[in-house]
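Under this note's numbering, read the sequence shown as residues 12 to 130, first letter to last.
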Amino acid sequence: MSLAARHLEALGIPTLSLGSGLDIMQAGRAPRSVFVDYPLGHSAGKPFDRADQYRVVRAALDAFGTIATPGTIVQLAARWDADPAWKDSAMSAQGGDTRMPRDTSPQYQTEEDRRLAEG
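Shown next, in the form of structure tokens:
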């Protein structure tokens, strides 16, 4: 992502990277980055929490206007949980696979989408 951001910036297209892997963001050195201390995969906010998602994305977009030095990483004050224990389980190599099994049946947003796709 950082390489793509640097390429786009070189073409004159402003970019902003939003992520939750600080070490990855530091190594990638994207032109503008915003770090949120959330588990990987949840950079844009907590699932199903629209208010939190809005705050995170709004703060990231606000950083667009304040980052003046290339390579700057703004760290948001957002916190996943008051209890930092989530980091221990998220970073543990001992945990099992908690993903849901893959559902291979077609999924549609609306009945109209289903009708059109299966048409």
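Glycine included, each C-beta is placed from N, C-alpha and C at the ideal position. In this text, all values refer to a predicted model and were calculated from it rather than measured experimentally.
| field | Best match in A128, K57 and I35 for proximity to A89 [C-alpha to C-alpha] | value | The option with the nearest alpha carbon to A89 is K57.
query: So, is L1 buried or exposed, given that buried needs 16 or more other C-beta atoms within 10 angstroms?
result: Examination of residue 1 is not possible in this model, given that the chain is present from 12 through 130 alone.
query: Within 8 angstroms (strictly less), CB to CB, does P42 reach chain C?
result: Chain labels in this structure do not include chain C; a single protein chain is all it has.
query: Expressed to the nearest angstrom, what Euclidean distance is found between the alpha-carbon atoms of R24 and A74?
result: The sequence shown places Ile at residue 24, not Arg. Going by the C-alpha atoms only, they are around 16 angstroms apart.
Take T83 as the anchor and find which of P117, A15, L27 and Q120 has the nearest alpha-carbon. Just measuring C-alpha positions, the residue of P117, A15, L27 and Q120 sitting nearest T83 is L27.
Margin query: Can you tell me whether G39 is helix, strand or coil according to DSSP?
Written below: Here G39 sits in helix by DSSP.
Q.
In the DSSP output, which residue or residues are listed as bridge partners for I24?
A. Per DSSP, I24 has no beta bridge partner at all.
Kindly indicate which residue of L33, G39, A128 and Y119 has the alpha-carbon position closest to the one of P81. The candidate whose alpha carbon is nearest that of P81 is G39.
*A55 and Q64: beta carbons closer than 8 angstroms?*
Q64 is positioned such that its CB atom lies closer than 8 angstroms to that of A55.
- Query: How is the alpha helix (DSSP H) around Q118 delimited, first residue to last?
  - Reply: Neither: Q118 is in no alpha helix (DSSP H) and is coded neither H nor E.
Original post:
In angstroms, rounded to a whole number, what distance separates the CA positions of T115 and G76?
Top reply: For T115 and G76, the distance between alpha carbons rounds to 43 angstroms.
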